[in-house]
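Chains Z and B, in that order, give the protein sequences.
Going by numbering that gives the first Met the number 0, 61 is the number at position 62 of the first sequence; the sequence numbering is gapless.
Going by numbering that gives the first Met the number 0, 214 is the number at position 215 of the second sequence; the sequence numbering is gapless.
All C-beta atoms, glycine included, are put in the ideal place defined by N, C-alpha and C.
Since the structure comes first, as structure tokens, the remarks are kept for the end.
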Amino acid sequence: MNYFADVRALARKDLLLELRARDTLPAMLLFVVAVFVVFHFSLPASSSDLAANGLLWVAIVFTALLGLGRAFVPEREQRVFDGLVLAPSDRSAIWLAKSVATFVFLALAEVLALPVFALFFHGVDGSTVAAIVLADVGICAVGTFVGAMAVVTRARELLLPLLFLPLAIPILIGGVGASVVDAPRRYLAFLGLYDALFALVCWAAFEYVVTE
Amino acid sequence: MPRPGPATIAAVGRRYRIPLPALAGVSLALVTGALVLVFFVVPNDLNQGFSQRIFYFHVSIAFTAYACFAAGAWKALVHLWKRDPNADLESYVAIHQGVIFGVLVLVTGSIWAKISWGHWWLWSENQLVLFLVLFLFYAAYFMLRFSVDPGPQRANLCAVYALFGVVLIPVSFLAIRLAQKFIHPVVFTRHGANFGGWMLVAYFVSQAALLSLAYTLYRLELSGKRLDARLRELRRAYA
């Protein structure tokens, strides 16, 4: 139970920090709406709803990327990482807590983004929402992991999209598949498989990212 | 500060049973054999004619690239698990070979697609798309590696990322198969069941040739890198 107490404390710290400083979430919200407007003008009038569905997924991935780029900035700037690594808790708790916090930000951004999408383009169905929830889990798990890797490199912000996007391609395929076909169950199952597999690998390997 | 003699400087790298020149000779013989078999011995394919012969190289190169990525991931695991000081460099060199062979898969696949279907790039070719994803993934590996100072942390990051690769390969394969359902419903079938005799022999010989070529290049690159590291160490010691 101690493990989950650590996770809760760390996630609470991130959420409190955001509540007080309001760094990330407003930026994500503004970004996703701006992206929708850009997409509106990049879609010719005759293009189908399916194309807009695909663009919704692009918007989600890039908005997540924006949030992930900020995720480990406080740790880096204040050298909190050293303290966290020294703390007598399992290192994977750092990853899990950060994933939970990022998930909350992303979900909040989407709670606003989906109605805006419905307003600008067309409504979203239940299977799309289910796919988004499943995809968010994968995006946050993998994204937080590579975010922690990118933050110790010299290139930092430059490296995160390069590390993240190839890993996000399967998520995109599962998500777009679930929102455009009639029988989305296979795609949802695939997203679930992705989440389980990568969450396990991230959980097991995070120790090596923060220690020498 | 006392100067360390050459004997006190750690000899990096492990000893191998097969010496490099012998390995190079075997590779040369196998590659020659494969070329002879593919160009002069195997019969033309009934449907695709002469151009089908690129199959022997394309598929063998693809398998070799997978083998290199798997070797890189295995060495990464050895690094994380046993803290073997050689494993990091070995993992990097194996992935480097994998990327080179991966680019060759894209090139040969592209040529084959152009001749068979008239397009340089086909999103319906699962193997090509998968290698494009893998190319992007492993190209980012190099970005990661050269963006961190050499040391234990870099070795860890690279090892973890290399391990991600072996999870990503099957997941991407599955995802690309699934994507065919809504992006390209048409699936091309490559060749019929008439695949036997000399064709099988030619395939196995070219497979063996490319695997041994990849291993030779791996050893060559490794010895070069080790020599380089050793030289730098000596230079530092005598500076």
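(Q) Assuming I60(B) and L103(B) are in contact, meaning their beta carbons sit under 8 Å apart, how far apart are those beta carbons, in whole angstroms? (A) 5 Å
Q: Drop a sphere of 10 angstroms on the beta-carbon of A8(Z), count the other beta-carbons inside from all chains shown, and report buried for 16 or more, exposed for fewer.
A: exposed
(Q) Distance check for K74(B) and K81(B), CA to CA, integer angstroms please. (A) Approximately 10 Å, taken between the alpha carbons.
Q) Is the Cβ of A158(B) closer than 8 Å to any Cβ of chain Z? A) Taking Cβ atoms only, chain Z reaches closer than 8 Å to A158(B), which makes this a yes.
Q. Just the Cα atoms here: how many angstroms apart are Y137(B) and L143(B)?
A. 10 Å
Q) Residues in its own chain within less than 6 Å of T63(B) by CB, not counting five upstream and five downstream? A) Counting only Cβ-Cβ distances below 6 Å, and skipping sequence neighbours, we find F100, L209, L210, A213.
Q | Member of A108(Z), L187(Z), A167(Z), T152(Z) whose CA lies at the smallest distance from the CA of A130(Z) | A | Closest option to A130(Z), judged by alpha-carbon separation, among A108(Z), L187(Z), A167(Z), T152(Z): L187(Z).
**Q.** Of the listed residues G174(Z), A182(Z), V145(Z), nearest to A198(Z) (C-alpha basis)
**A.** V145(Z)
Q) Is there at least one Cβ from chain Z nearer than 8 Å to A192(B)'s Cβ? A) Bear in mind that a pLDDT of 44 at A192(B), under 50, signals an unreliable position, so the model cannot answer this.
Q: Let me know the alpha helix (DSSP H) ranges lying completely inside the stretch 23-85 of chain Z, each 4 residues or longer, listed in chain order.
A: 24-41, 48-70, 72-76, 79-85
(Q) So, with DSSP's three-state summary, where would you put G32(B)? (A) helix
(Q) Three Cβ pairs or more, each shorter than 8 Å: is that satisfied between the stretch 86-105 of chain Z and the stretch 5-25 of chain Z? (A) yes
**Q.** Straight-line gap, R39(B) to L29(B) (C-alpha atoms, nearest Å)
**A.** Contrary to the premise, residue 39(B) reads as Phe rather than Arg in this sequence. When rounded, the distance between both Cα atoms is 15 Å.
Q: For the stretch 145-165 of chain Z and the stretch 60-75 of chain Z, state whether three or more C-beta atom pairs, one from each stretch, are separated by less than 8 Å.
A: yes
Q) To the nearest angstrom, how far is it from the Cα of P169(Z) to the Cα of V170(B)? A) 7 Å
Q: For G122(Z), name the three-state secondary structure that DSSP assigns.
A: coil
Q. Three-state secondary structure (DSSP) at D89(Z)?
A. coil
**Q.** Same chain, Cβ closer than 7 Å to V179(Z), neighbours up to 5 away in sequence not counted
**A.** L49, N52
Q.
Classify S98(Z): buried if its beta carbon has 16 or more other beta carbons within 10 angstroms, exposed otherwise.
A. buried
Q | Identified DSSP bridge partners for G48(B) | A | Among the bridge pairs identified by DSSP, G48(B) is matched with D44(B).
Q | Cβ contact (3+ pairs, closer than 8 Å) linking the stretch 221-237 of chain B and the stretch 83-96 of chain B | A | yes
**Q.** Nearest-angstrom Cα separation, counted from V34(Z) out to A134(Z)
**A.** 19 Å
Q) Which whole-angstrom value is the C-beta distance of V77(B) and A201(B), which I expect to be below 8 Å? A) Actually they do not touch by this definition, with Cβ atoms about 35 Å apart.
Q) DSSP state of W197(B), grouped into three classes? A) helix
Q) If you count every other CB in all the chains shown that lies within 10 Å of the CB of T31(B), and 16 or more means buried, which is it? A) Counting Cβ neighbours within 10 Å, T31(B) comes out exposed, since fewer than 16 surround it.
Q: Indicate whether T101(Z) and L67(Z) have their beta-carbon atoms separated by less than 8 Å.
A: Their beta carbons are under 8 Å apart, which means T101(Z) touches L67(Z) by this criterion.
Q: In angstroms with no decimal places, state the Cα-to-Cα distance between T127(Z) and A177(Z).
A: In this structure, the CA atom of T127(Z) is about 6 Å from the CA atom of A177(Z).
Q: Using three-state DSSP, classify S146(B) as helix, strand or coil.
A: coil
Q.
With distance defined between alpha-carbon atoms, name the residue in S91(Z), V115(Z), R184(Z), E156(Z) nearest to G125(Z).
A. R184(Z)
Q: Determine the extent of the alpha helix (DSSP H) in which I168(Z) is found, giving its start and end residues.
A: DSSP places I168(Z) inside the alpha helix (DSSP H), whose first and last residues are 158-179.
Q. Counting pairs of beta carbons, one from the stretch 161-170 of chain B and one from the stretch 12-24 of chain B, are three or more of them closer than 8 Å?
A. no
Q. Is the stretch 150-160 of chain Z touching the stretch 68-78 of chain Z in the sense that three or more CB pairs, one from each, lie closer than 8 Å?
A. yes
Q.
In this structure, how does DSSP classify Y186(Z) when only helix, strand and coil are distinguished?
A. In the structure shown, Y186(Z) sits in a helix (DSSP, three-state: H, G or I).
**Q.** Neighbourhood of R16(B) by C-beta, 7 Å cutoff - its chain only, sequence neighbours within 5 removed
**A.** none
Q. Count the other CB atoms within 10 Å of the CB of T152(Z); is the residue buried (16 or more) or exposed (fewer)?
A. With 16 or more Cβ atoms within 10 Å of its Cβ, T152(Z) is classed as buried.
Q | Closest by C-alpha distance to A23(B), when choosing among Y217(B), R231(B), V132(B), R225(B) | A | Y217(B)
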